[in-house]
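> In terms of numbering that gives the first Met the number 0, the sequence shown has 101 at position 102, counting the first letter as 1, and numbering is strictly consecutive.
The structure that follows is given in the form of C-alpha cells.
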Amino acid sequence: MLDPRTARRRATVWSLLVALGVVVLLWNPVLADPAPWRALFTQAGPAFVLLALVLQWTMALLMIPTLPLVAALAWLLPEQPLLALAIAMGGVLGSALAIHLGAERLGLAPLLAASTRLAAAREWIARHGSPALALWCLAPFLPSDVGCYVAASARMPLPRFLAAVLAGELVLCASVVFGVAALAG
Numbered sequence: 000m001l002d003p004r005t006a007r008r009r010a011t012v013w014s015l016l017v018a019l020g021v022v023v024l025l026w027n028p029v030l031a032d033p034a035p036w037r038a039l040f041t042q043a044g045p046a047f048v049l050l051a052l053v054l055q056w057t058m059a060l061l062m063i064p065t066l067p068l069v070a071a072l073a074w075l076l077p078e079q080p081l082l083a084l085a086i087a088m089g090g091v092l093g094s095a096l097a098i099h100l101g102a103e104r105l106g107l108a109p110l111l112a113a114s115t116r117l118a119a120a121r122e123w124i125a126r127h128g129s130p131a132l133a134l135w136c137l138a139p140f141l142p143s144d145v146g147c148y149v150a151a152s153a154r155m156p157l158p159r160f161l162a163a164v165l166a167g168e169l170v171l172c173a174s175v176v177f178g179v180a181a182l183a184g
C-alpha cells in the first residue's frame, strides 16, 4: 500500500522516535521507574481507560503498531492483567469495526490491487476466510490493521471479520499482557 520511499520515511521516523526515547531514559532514568506512572494512571481512573482506547483506535486507523501500547498497559497495570487485556481488546474491537466500516469509503480495493503482495494477501484471505485473518492477527510481526484493511476490502462479512480478529488478537494480546505483567510484577 505504501510506496518504498514512504515506507522508508516511516521506518526512519519510528527509528528516530525510539532513539529519542532511549536518550530521554538514559538522560533521566527516573522516568523508567514504573511506580509514579502507575500511580498517575491509577488516579486517572476511567479517563485513563478512555485515553488508552482512543489512542489505540487512532494508532490502528493510522496503521501504527499498537502492540507496544498493549505492552505498556501491562507494564502499568501488572497487578491487573485482566483489566489491561480488556482495554487492549476494546481497542482491537473498536479499531477493527472502524476499519471494516470505513474500508469501502476509503476506496482501498484499487490501492490493494496496485500492490502484488497485498493483492495476493487479499486473495488468500478471500479464499480461506476467517481462519486466514485470525492467523494474520495472531502473528506478532504482521500488522493486524493491514490485515483488517485487506479483509474488509475482500468484503468479509462483519460477524466473521470480528470473530477472526478477536480470536487472533486475543491470543496475541493475552500473551503480551500476561508475559509483561509477569516480568513487571
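Where is the CB? At the ideal position from N, CA and C, for every residue including glycine.
None of these values were measured; they are calculated from a predicted model.
Please report how far the alpha carbon of MET0 lies from the alpha carbon of PHE160, in whole angstroms.
Confidence in MET0 is poor, its pLDDT being 46 and thus under 50, which makes the residue's placement too unreliable to answer from.
> Whole angstroms is fine: what's the gap from ALA120's alpha carbon to ALA166's?
Using only the alpha carbons, I get a separation of about 19 Å.
> Among the residues of its own chain, which have a CB less than 6 Å from the CB of LEU68, if the five just before and after it don't count?
Only GLN55 meet the Cβ criterion.
> Helix, strand or coil for ASP32, going by three-state DSSP, please let me know.
Coil at ASP32, not helix or strand.
> Going straight from the alpha carbon of ARG104 to that of LEU182, what length do you get?
Approximately 43 Å, taken between the alpha carbons.
> Within this structure, are the beta carbons of ALA73 and ALA151 separated by less than 8 Å?
No. Outside cutoff.
> Using the Cα positions of LEU25 and LEU50, report the straight-line distance between them to the nearest angstrom.
Approximately 27 Å, taken between the alpha carbons.
> Around the Cβ of GLU168, are there at least 16 other Cβ atoms within 10 angstroms (buried) or fewer (exposed)?
GLU168 comes out buried.
> Determine the extent of the alpha helix (DSSP H) in which GLN79 is found, giving its start and end residues.
First-last for GLN79: undefined, no H or E at that position.
> Whose C-alpha, out of VAL170, ALA162, ILE63 and GLY90, is nearest the C-alpha of VAL53?
Nearest option by C-alpha distance: GLY90.
> So the candidates are PRO142, ALA43 and THR115; which of them puts its Cα closest to the Cα of LEU171?
Checked all of PRO142, ALA43 and THR115; the closest Cα to LEU171 is PRO142.
> Just mark ALA18 as buried or exposed, buried being the case when its beta carbon has 16 or more other beta carbons within 10 Å.
By the 10 Å Cβ count, ALA18 comes out exposed.
> Kindly give me the distance between the Cβ atoms of VAL175 and ALA70, rounded to whole angstroms, as I take these residues to be in contact under 8 Å.
At roughly 5 Å, the Cβ-Cβ gap stays under 8 Å, so VAL175 and ALA70 are in contact.
> Say yes only if the C-beta of VAL170 is nearer than 7 Å to one or more non-hydrogen atoms of the ligand NAP, and no if none qualify.
Questions concerning the ligand NAP fall outside what the structure shown contains, since it holds no ligand whatsoever.
> Any idea if SER129 is buried or exposed, counting beta-carbon neighbours within 10 angstroms, 16 or more meaning buried?
So SER129 ends up on the buried side.
> Go ahead and pull the three-state DSSP assignment for ILE63.
Three-state DSSP puts ILE63 in coil, outside helix and strand.
> What separation, rounded to the nearest whole angstrom, lies between the Cα atoms of LEU81 and PRO64?
So the alpha carbons of these two residues sit roughly 21 Å apart.
> Just to confirm, is the Cβ distance from VAL191 to LEU117 under 8 Å?
Given a span of 0 to 184 for the chain in the structure shown, any question on residue 191 remains unanswerable.
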